[in-house]
Structure formats: structure tokens, C-alpha cells
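K.L.:
Protein chains in written order, with the UniProt record's numbering: chain A, 1 to 543; chain B, 1 to 543.
Cβ coordinates follow ideal geometry from the N, Cα and C atoms, glycine included.
Dropping the structure in here first, questions after.
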Ligand SMILES: Nc1ncnc2c1ncn2[C@@H]1O[C@H](COP(=O)(O)OP(=O)(O)OP(=O)(O)O)[C@@H](O)[C@H]1O
Ligand SMILES: Nc1ncnc2c1ncn2[C@@H]1O[C@H](COP(=O)(O)OP(=O)(O)OP(=O)(O)O)[C@@H](O)[C@H]1O
Ligand SMILES: [Mg+2]
Ligand SMILES: [Mg+2]
């Protein structure tokens, strides 16, 4: 027997309608590629999105069509979020910092008909356009005044909007399982794969962002969005902000520590989200610029995800009165799938133990079922030790990649293998120990590269650390540590080994340590161990 | 084009599974009808619910069957919430404080096959059972020791559980639109009507209870559930508590001020929900018993709903450091449909203005669309003045009553008429002025009985007030005020009129004031104006 409740669908357009009705004056602040800071509001967002929806239709965009973006966090990119999905088309965000071949691949594999791009990427688009096989329309996200250097035939975004009216628009109603957005994985471990989100998955995920035990987003927040709109929907924050009428602060192309600090201070930001490297940048700025005063910030919490949050960053945030919330997820999980907020009974623990917990990837939240299985498929206990393949299931977890790439990715019971190796502790907190492709197997036992990296990064001279496995005649593989030192800091391999001795098992100690100026990262802030392994392919471990 | 996300359904069983895995040791405290306080946890809840699910199946309960309850807030009633819906049957909560004929009507109209009842209601069931036309099984929610006075043939709940195992149970997966619970309206304005909730509506509603801008329920809460499990799913708190692993404190049959105070103090309750009369009881106790110290409570917020929250109660909560959150809703809306949390920019207003806002019924939340229309169906502006029929739409709003009672209740665009008269202010806050059936029309203009009642209740001698319309030769109708004085307090009709003069328009002043010892309430704490109008049917207004 079915219930007798209304069959209203969860649609992205409903979020915008809600924000316009209930939070029209809440601000949306955007830095732009042209330089200006644009101050607007949900009222103006609504009006411009209606113009944009009409412009998209005038360009021939139909439900299901992919509309690609190559763009920073700006108000125009945000407008595309609501307009494209609102009319039933698919927002196809492309990471503009990938290699040109990867961009080509993603634009074409996604089958984009239009590409909207920031003026920063005018040259890129001019060079690549010949390779964009199905693209019919190019739109530069700027006004007529800035079209000088743009590729031939590109249209100016502001002209498109000016041609349309912002009169009321009847957002179409359709099945909430309709595709809303397409995003490719970071390509850290192989070719990027397309994840096709639905309106349903997006809306359910938004609830989690706004839960008191989730990311706690509320109308009281002013959010500095330091995660890119071009990847995994900026952790769902654009949608969740509209859901609760939270102020949104978009940093445009500048994500350096100084720019973020200034913006957070000027806009009274209470909340921010970013990958660890973004926070490293912020703290470098605080350390180096005497004019930068952490006390001038209104931040009360930040979310750290995408890579393991180093303990040092968590501690530094604590020292300036900010709660760091680690979150774990992936393109395939909406993205947020585990959130590291302390349980009520953990809030009275000594500070050190609280930080210990905060270094875990996060605890299970309603909506994402988590389990860890061993190589034989046995479900492992929540004992904080047994590590294996982390698997997930739920309404904002993918059922398969775009165009069937990778084949059938779910097991018979619907579980998706994340490719992350993890254990779960008795309190339900996930601890990621590695990616399965990065696992170091020494004498039949696993060494966690994430744990070793974290331990190395707790040394005051270490800015960043990576651990990779190197072949070893006796032990099969042994760990090698690669370190970037803090500017001006001195430390020897021996000193690092001594430091690690207190923190990890003896047989985990790296067989070699090398210093480099920089570690390779993806555009989403992840260590590219594939690259590191190539770089050190000929390296010989000392006997 | 559909997205490629998993088609996992939102089911009540998933909430329990989540709480068991992630919050096994969080406590569930229950007073019982037998007198004992039962301390258990989500782990034990899970185990007992599995036994109960098997017991229900053994009794022949099939998906879609209605399982009625006549019960207080106890752990056993909570178990039925999860077991009945979990196996795909329908939890049919019946308000045991209705008149016997109404109980008969609801049990039969709902088509219940089993009735689970608290021992308090053994006599009631013994008398009524002959009238329960389809009921095959009676279960007394107690153990064998307390079966002495129970109706013949009734089974003992604890025996049923003891016969089953708590081994893992494969909760069935089904369409989330499947009916989960059936609840009848309070019968304040006519015959109670059945609202058939779905798993989907229940789960979406749970998210709102747990949102930071919603009722903020989190793992840090210990909730004193002072709203009955027998009506509108206790405002969705049982489900939402499992969603986030919040401690639940169930007061059993005692809802008097002293019992609630003691329980809240002993269990460190941080959160509670109740109708205004429950809070009146609490403050009476605080006022009268010198041993009752508000400072010993850990409460940080309470939700007030079901009837208008009097300003005096909101202020009193403020004075003891508790935030009162008014909420508005109805059986037909899941029930929570508007929540009165202050907007960020309102939090710096002078206290008085903040309280003004808190007396409003609540602001629109994502998921429930609200609008006010006039008699001709024109949509009225959000101006805080234009009042009319409040209409709602959304995935946790009913599409029609059980068995088609009342016919087609939605308009062509899917809007449901609440029968409440309201305006919406520019900030999106709803202010209920009346029920359409209670509206007082004087000389062609409306007088808000809720406003007049609130104004009267702001007099220190007034415990409770009701306003009804009486026929008037010249003005068509004029308001009459009916007042319950605080114990020992003195006040004359003239003094009340003088008090009101400062608070409402002159032409609103009541034409008559009468004092009574008690006002008639429904079992859900609502003023029964139908009854009052009968009671004063022959009353003549002074010329
Ligand atoms: N808090 C975290 N701690 C450690 N690792 C994290 C955390 N959050 C995310 N990750 C890593 O990021 C991954 C998800 O990243 P994303 O989906 O952007 O692409 P990718 O996995 O890096 O790329 P690809 O799948 O193409 O190789 C996770 O599988 C996990 O390895
Ligand atoms: N915060 C509030 N302020 C004023 N009235 C409220 C509030 N919350 C709920 N109500 C009243 O309660 C009603 C919903 O109550 P419920 O569904 O329990 O049954 P009822 O409407 O009293 O009974 P019936 O529909 O059978 O006459 C709302 O329509 C509204 O009139
Ligand atoms: Mg990946
Ligand atoms: Mg009603």
C-alpha cells in the first residue's frame, strides 16, 4: 500500500525558488576574472538565472544536453549551476587545470554541446576548440568589454542575459532521478571517469550539508567557498546554501593564502571548505605577513577533505579557535560520505585525544552505508584495526560511470568499491590508510602511507610529505619518504627517522628519504603518486 | 536523461540500522505504565525490534496491514514504530484520550487488524473491543506479571518477544512511497481524518528535524519527548533521533509539570518538544515547588507547537536561558511545516523584538512551499498584513485523506488548503490569525482570535484565554473573551479590557468577558472552540 503524500519531486529549481522567496537579501559576493568584486543577492541570482535559462533555451539547449563549464568560483558559474540543471539540462563541470588532452577527453566523452568558459581560459579554448567534436556554442563568461582576446565566434555571457527577460519562469517539473550534473573524477589513479548526479542525489546530499551533525550550514553562515565549483559540485555547498539562505563568498581565480584571508576577513566568513593545500597556504600567509591577524577572522569551522587532513593543520585551526571538520568522500559519493564531527561523549576528552579523533576521515552518516571487506569479501569488524576495501551504498552513491565506463561497478547487493583502504573503529569512524593502488606491502604486511605521511608532517620542518613503495628484494616493497621542507627550515633524513621512531612501528620506518622542492598535485589538491612513482622509477633503495 | 546514482530507497528500517551501527550505546530511557524506569540503548532497541518484527509476522501481520496502538510514550511504543513500519506494515497510532466512539471510529476506519495497548487502557479496550470490527489480535504492552486485569484473550507483549530471536533480520526493501504510518487529525473542527504517511515523507521530514536551521536535533541532544507518540509521530522525533543517534527520554503516562521537570533534570535533557499546555504545567511547577530549580536543567531549546505559543511562555523560557522555537504544522504536513528560528540578521535585535518574532508560527523551510490566497484564489503578498487561506505543497504534505475522505483536497497545481488563516511577512514568517472555522467577522473585517488570546494571556493574572465570535445584530459578530485565572489571582473584566486597550485595535475589544475554571482541550492540547461555542450558545452579549 502506498502512502498518500504528495509526489513532489526534489529538484534543483526548488532550491533557488526557496532562496528567492525566503532569503532574497542574503548576499552573494563574487570576485571575478575581470578583477571587480560583484555584490549581489539571492534575489538577483534568481533574476539572472531566469535570464540565463531563457538564453540557454534560445541557444537550443534541450533537457539532457550537457553544458560544459571551464570556470572558477564566480557568480556566473553559480548561475549556470541553477539555470542548466533547472531547465533539465546537465551541468558538465570540467576541471580547467587538467592537461589539455584530458580536457579534450572530458568535454568529448561528456558530449558537451556548449562550453561556457572564464576569460582566463580564452586561450585554452582557442587552442582546444578544434578538438571539441560536438561543441556548437562557445560562451565567454564576461561582458562585451572583455571580449577582445576571446576565441572567434564566442558569445558574451552578459549579452546573452541582456537579450532575455527576468520575468517569472515556470521551472519544468520532472522526475527527480533526472541527471543534474556530470563531473569527472580527478584522474589521480587513472583516466578520469564521469559521475552523473541526479536532482535527487543532489537534494538529499544538501540535507546532509545542512544538518546540525553534518556540515552545519545555516542561515547564520557566510561561506568562503575555497573548493572549486569545477569539481564535485564544490562539495554540494551551492545547493545547500540556497536551501538555508546562507551567504556565499566566491573567491574567483585567486586561491592563495592572502586572497583567501582578506576575503574571509572582509566578508565576515564563518565557514569555509578546502583541501589541505589551501589551508597550508592560509597558514603560510598568517605566519609570514605581520599584518595578517587570525583574530580578525570570524571563522568558526572549516571543512577539510579531498586528502587526509594533517594533524598539524587541525591543531593550528584549534589554536585560532576554529573547529576543523575532516570529511571524506569522492566524486562517486556526491561527494560527502563521512564527516568527522565529535560524538557528544567525546567533547570532554583531553584536547590531544580530540585531535586524534579529528585526524580520522569521518564517521558514518545516515544515507551512506559503509563497510570494509577483506580480499575474500568478508565483512570486517568495526575494531579500528582490520583494514580492507571500503565499500559504500546509498542514494547519493553512483551506480555506474557515464557511458558505462568501467563496466558494472556494484556488487550483487549494490555496494560500490571505493578503491580506498580503510578501517572503521568501534565508534564508527573511518580511518583511511591508503588508496588500494598506493598500498605498500612489506613482508606480507601493509604499511599505511597516509599514516607515515602524517607522522612525517608532524615534524616542524616538514611542509609536505609523500610516501611511496619501492621494490625490495627481500621484503617485496619498502617505503620511501619524499619531503618538502618549510622555507628556510633544515632537517636531515636521520633526524626525520628519529622523529618517526616515536610515532610508528619500527618496521614502518622508511628505507630512504629524499627532499624535493615540490610534490606533484592534481588540480584538486591530491598527491599524484603515479607521477612520484614514475619520477623515482630508477631510484635504488640503499641496501 | 536519468542520473546514474543508486536507486536506494529511503526507508524507516534504514534509520534503525544506522543508529544500531553508529550509536549503539546512546541511551533510550523510558518511564513505563508499570512504574519502572527502563534504561536501554539503540543496541537494545535494535535487538528488541527484530524480535518484535518476527512476532508481528508470526501474528500474521502482512505488508500494508494496519497495526493500531493505544499507548503512551514508552520504549515499547517506540519499538512498534520501527518494527511495524520496518516490515512494511502501517503503524496506526490512535489517540487514547479521545471519546470511546471516536476511538472506535478511528480503529475501524483505519481497518486495524491488531491493537497494541498500554495497561492503562486495558479497561477501555475491554469495553470497546466488541466495536472493533476487523481487529483479530489484542496485545497488552506489558509482561506476564501485569496481565491480571487485561481483556480476555489479550497477549502479553513481552511473551511475544521472548518467543522470538534477535538474530540479524533482513529488513525488506520496497518503494519508499509505501505507507509507513496512519494518524488521524485531532478532530478539533470536525471528524478526525486519516493521514497516511510514507517512508519517503517520514525520512525527508527527519532531515528537517536534524537541520541546523531546523529543529537542530543532533547526537549531542538528550530529548525529553513531551509530545505523544500517539499523534503525528511525535513530530517526527523518533525517526530523527535514530538518524543522528540522539538520546531519547520517554516520559510514559506522566506529563505533569513535576514529572517532566524531574525527568529533564535527571536525564540531562537538552531539548524538548510540547504543546503550550505542557509548558504551562512545567512553569506552574517551577513557580510552586521551591525545590524545583530551573538552574538544574540542561535544556537549551524547546519546540512549542500544536497551538499558538503564548508570548509569556517564550519570555519565561528566555529568562531561564532556553530558546523557545515555535513550529507550525498539522497532521497533514508531516507535521512540521514552518519553524520559527531567527534569521541571522535578527539575532542582534533588542530582546523584545526577538520575542515578537518568536511569537510568529515560523518561517518557510525548504521542502514545504507556503502561500496565502484570498477568497477569490489570488495569491497574497508577503506583507505581514494580507491574511487568507494558508496553502502548502511538498513531499511531506498529504495528497488526500485515507479512504478518500473529504474527496479531492488539492487544487490543480497541487496546493493543499490548511484551513488556517494566516499572513506571511516580508521575511517569510507565517503568522496564524485563526482557523477559518473560528474566524470572527465584525462589520466585514476580521478580528484575529489568536491575537486577542495572546494579548489577554499577557496579563499576569491570566492562565489561559479563548476568544469566540458571538452573533451581533449590528456588526454580524463580536468577540467574547473567556478566561481561566491563575490560581489565587484576581482580575475583573474591566481590568482586562484596560489591559487589552494598549495591545489591540479599539474595535477588537471583546464585547463580553467571562471567567471559567477550565477551558475544553483536545487530547492534543488544542482549544476546542466548537465546544466553547456550544457552551455559550445561549449567551447574550450585553447590548
Ligand atoms: N579526508 C580524506 N582523507 C584522505 N583521502 C581523502 C579524503 N577525502 C577524499 N580523499 C581521497 O580522494 C578520493 C576521491 O577523489 P576524487 O573523486 O576527486 O578523484 P580521485 O579518486 O583522486 O581520482 P581517480 O578516481 O580518477 O583516480 C578518495 O577516494 C580518497 O582517496
Ligand atoms: N504553532 C501553532 N500556532 C497556532 N496553531 C497551530 C500551531 N501549530 C499547529 N496549530 C494548529 O493545529 C492544527 C493542526 O492540528 P492537528 O492536525 O493535530 O488537528 P486539528 O486541525 O486540530 O484537527 P481537525 O483537522 O481534525 O479539526 C493546525 O491546522 C493549526 O490550526
Ligand atoms: Mg577515485
Ligand atoms: Mg486540521
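#1: Just the chain A side, please: which residues come within less than 9 Å of residue 18/B by C-beta, in chain order?
#2: Enumerated in chain order, which unbroken segments of the beta strand (DSSP E) with a length of 3 residues or greater are wholly contained in the segment 112-146 of chain A?
#3: To be precise: take each residue of the segment 512-533 of chain B, compare its Cβ to all Cβ atoms of chain A, and keep it if any distance is under 7 Å. Which residues remain?
#4: Please list the partners that residue 396/B has in chain A, where partner means a Cβ-to-Cβ separation under 7 Å.
#5: Rank 408/A, 323/A, 406/A and 540/A by C-alpha distance to the C-alpha of residue 469/A and give the top, closest one.
#6: Would you grab the beta carbon distance between residue 94/A and residue 230/A for me? Rounded to a whole angstrom, and I think it's under 8 Å.
#7: Starting from the C-beta of residue 115/B, find all residues in its chain whose C-beta is less than 6 Å away, skip the five residues before and the five after it, and write them out in chain order.
#8: In chain order, what residues of the same chain have a beta carbon less than 7 Å from the beta carbon of residue 367/A, not counting five sequence neighbours either side?
#9: For residue 402/A, go through chain C and note every residue whose CB falls closer than 9 Å to its CB, in chain order.
#10: Report yes if the C-beta distance between residue 210/B and residue 249/B is below 8 Å; otherwise report no.
#11: By DSSP's criteria, residue 464/A is part of a beta bridge. Which residues make up the other side?
#12: Does the beta carbon of residue 189/A fall short of 7 Å from some heavy atom of ligand 3?
#13: Under 8 Å between the Cβ atoms of residue 215/A and residue 365/A?
#14: Give, in chain order, every residue of the segment 322-335 of chain A whose Cβ lies closer than 9 Å to some Cβ of chain B.
#15: Which bits of chain B does residue 283/A rub up against, with CB to CB less than 9 Å?
#16: What do you get for residue 76/A, buried or exposed, if any count of 16 or more other CB atoms within 10 angstroms of its CB means buried?
#17: Assuming residue 453/A is part of the alpha helix (DSSP H), what are its boundary residues?
#18: The alpha helix (DSSP H) with residue 392/A in it runs from where to where?
#19: CB-CB under 7 Å to residue 24/A, same chain, minus the five flanking residues each way: which ones, in chain order?
#20: Excluding the 5 residues flanking residue 226/A on each side, which residues of the same chain have their C-beta closer than 7 Å to its C-beta?
#21: In three-state terms, what does DSSP make of residue 197/B?
#22: Less than 7 Å between the CB of residue 330/A and some heavy atom of ligand 1, yes or no?
#23: Can we count residue 306/B as close to ligand 2, meaning its CB is less than 7 Å from some heavy atom?
#24: Are any of the Cβ atoms in chain A nearer than 8 Å to that of residue 414/B?
#25: By the 7 Å beta-carbon criterion, what residues does the segment 209-235 of chain A contribute toward chain B?
#26: Verify the contact flag: residue 433/A, CB atom, against every heavy atom of ligand 3, threshold strictly below 7 Å.
#27: Pull out every residue of the segment 192-203 of chain B whose Cβ sits closer than 8 Å to any Cβ of chain A, in chain order.
#28: Which two residues bound the contiguous alpha helix (DSSP H) that contains residue 417/B?
#29: Who are the neighbours of residue 64/B on chain A, taking C-beta pairs under 8 Å?
#30: Report the partner residues of residue 218/B according to the DSSP bridge assignment.
#31: Over the uninterrupted alpha helix (DSSP H) stretch that includes residue 533/B, give me the two end residues.
#32: Select from 199/A, 464/A and 141/A the residue whose C-alpha is nearest the C-alpha of residue 281/A.
#33: What residues are listed by DSSP as bridge partners for residue 318/A?
#34: Under the rule that 16 or more other beta-carbon atoms within 10 Å means buried, what is residue 507/B, buried or exposed?
#35: Taking DSSP's pairing of strands, which residues face residue 73/A in a bridge?
#36: Taking only beta carbons into account, state which residues of the segment 159-179 of chain B come closer than 8 Å to chain A, listed in chain order.
P.N.:
Quick look at the numbers:
#1: 364, 365, 366, 367 and 369
#2: 112-117 and 137-140
#3: none
#4: 5
#5: 540/A
#6: 7 Å
#7: 68, 135 and 138
#8: 204, 208, 394, 395 and 396
#9: Absent here is chain C; the protein component of the structure consists of chains A and B.
#10: no
#11: 484/A
#12: yes
#13: no
#14: 334
#15: Residues of chain B passing the Cβ test: none, with the nearest at roughly 27 Å.
#16: buried
#17: 449-457
#18: From DSSP, residue 392/A is part of no alpha helix (DSSP H) but of the beta strand (DSSP E) over 388-393.
#19: 41, 42 and 43
#20: 251, 255, 260, 272, 273, 274 and 278
#21: strand
#22: yes
#23: yes
#24: yes
#25: 210, 211, 212, 213, 216, 217, 218, 219 and 220
#26: no
#27: 195, 196, 197, 198, 199, 200 and 201
#28: Looking at the DSSP string, residue 417/B is not in any alpha helix (DSSP H); the run it does join, the beta strand (DSSP E), is 416-424.
#29: 1
#30: Answer by DSSP bridge pairing: none, since residue 218/B is not bridged.
#31: 529-535
#32: 464/A
#33: Looking at the DSSP assignment, residue 318/A forms no beta bridge with any residue, so it has no partner.
#34: exposed
#35: 252/A
#36: 175, 177, 178 and 179
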